[in-house]
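At position 234 of the sequence shown (counting the first as 1) the number is 237 in my numbering, and the numbers step up by one without a gap. Idealized CB from N, CA, C, for every residue including glycine.
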Amino acid sequence: MSDSKLAKGRLLIPGSEKGGQGKSTILSFIIDWVRARHPDLAMKVYDPDHIHRTITRMYGVPGGGGEFLASEKHRLVPISLVGPDGLTVLDEVTDTFYESNVSIIDGVAQSFEEGFGAWARKLDFKGLQKAADFRVTYLLPVTDESSTVAQAGRTMNSRGPDADYLIVKIMSSGTTPVWDREGAAQTRAVAKSLGARVVAINRFSDEVSEALRVSEPADICDLLSTPMPTLYGASCGKGKAITDMQRNQCEVAWAEISAELDKVAAVILPPAYSAQVRVTD
4 MSDSKLAKGR LLIPGSEKGG QGKSTILSFI IDWVRARHPD LAMKVYDPDH
54 IHRTITRMYG VPGGGGEFLA SEKHRLVPIS LVGPDGLTVL DEVTDTFYES
104 NVSIIDGVAQ SFEEGFGAWA RKLDFKGLQK AADFRVTYLL PVTDESSTVA
154 QAGRTMNSRG PDADYLIVKI MSSGTTPVWD REGAAQTRAV AKSLGARVVA
204 INRFSDEVSE ALRVSEPADI CDLLSTPMPT LYGASCGKGK AITDMQRNQC
254 EVAWAEISAE LDKVAAVILP PAYSAQVRVT D
């Protein structure tokens, strides 16, 4: 396919309903990877999670580890999941696909069935991709819980070749990842047939976990005055004060993760842009 026919935008969206699987954290890796590797790309990041506000606390609160700068082409857009009529208003996000090279929408586990998930599954991405000239990538974290493999399979089977897929294996030391076990063979076959990309990310060491840990406020109203560090920010000495050992381990962890993301740049960057920069993986 010639470069002129390749989509000029990329939308990354979680394709997993299960909460507590690290979707927001993985998206923060991707956000910082784009900022570091491709600062010339216009990127908009949407945070519809009114409960945790993780992405907003990372990138939209002064003192956070990854605060966006006015000079950047990157913007954070907090949005409400539910409008005044009780219906989701996420369709407003689609209007910006025409103007952003990369759009990233965080998930909302608690309201997935009622709002975010229903929107993500029912929206006519196939038609919209053609009209807005973008390609969608579903982020599929796979942990040591077999249900995450099943969810990845359901998403890939329901969307088929109309989307790209990024499967992120969360690795625990000394164990065979669930994704690589016999029970996941059928889902792996589906992933292979659709050209899904797979990367492996190790669980954080105790030092890195401590460097990124913050105390959650007792009152949800105080969330936006409680910034959260990012791994990339901590590796650069941004955010809360940490020890030299913690920073060194954050640097190592970030180097490993960014190297993994380099391998799957083709499903993170816009297809037309990927072709121009000759992404290899």
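The alpha helix (DSSP H) enclosing residue i, as first and last residue numbers
i, result
"K266", "247-266"
"K172", "Counting along the chain, K172 falls outside any alpha helix (DSSP H), though it belongs to the beta strand (DSSP E) covering 167-174."
"I58", "57-62"
"S238", "234-238"
"Q189", "188-196"
"F71", "Premise fails: F71 is in no alpha helix (DSSP H) and is neither H nor E."
"Q279", "274-279"
"A39", "26-40"
Rounded distance between the beta-carbons of residue j and residue i, thought under 8 angstroms
i, j, result
"V181", "A188", "Between A188 and V181 the Cβ distance is about 12 angstroms, and since that is not below 8 angstroms, they are no contact."
"L291", "I82", "Shown here, the chain extends from 4 to 284; a query on residue 291 therefore has no answer."
"M46", "M231", "The pair is not a contact, with the Cβ atoms about 19 angstroms apart (cut-off 8 angstroms)."
"F137", "A10", "5 angstroms"
"V139", "A166", "5 angstroms"
"Q249", "E219", "At roughly 20 angstroms, the Cβ-Cβ gap does not stay under 8 angstroms, so Q249 and E219 are not in contact."
Beta-carbon proximity of residue i to residue j, cut-off 8 angstroms
i, j, result
"I33", "L264", "yes"
"L143", "G18", "yes"
"I170", "A194", "yes"
"T59", "L215", "no"
"A135", "T190", "no"
"A269", "S261", "no"
"Y168", "D109", "no"
"A242", "G68", "The displayed chain sequence assigns Gly, not Ala, to residue 242. Yes."
"N104", "G12", "yes"
"E75", "P42", "yes"
"A199", "M159", "yes"
"K172", "V211", "no"
"D147", "S175", "yes"
"I54", "Y141", "no"
Span of the beta strand (DSSP E), counted from its first residue to its last, around residue i
i, result
"P144", "137-145"
DSSP beta-bridge partners of residue i
i, result
"N205", "M174"
"S78", "In the sequence as displayed, the identity of residue 78 is Arg instead of Ser. Its beta-bridge partners are K47."
"S161", "Its beta-bridge partners do not exist; DSSP assigns none."
"R13", "V105, R138"
"R200", "L169"
CB contact below 8 angstroms: residue i versus chain B
i, result
"K26", "Here there is only one protein chain, and chain B is not present."
Are the stretch 248-256 and the stretch 15-33 in contact at 8 angstroms, needing three or more beta carbon pairs?
no
Would the stretch 231-248 count as touching the stretch 192-206 if we require 3 or more Cβ pairs under 8 angstroms?
no
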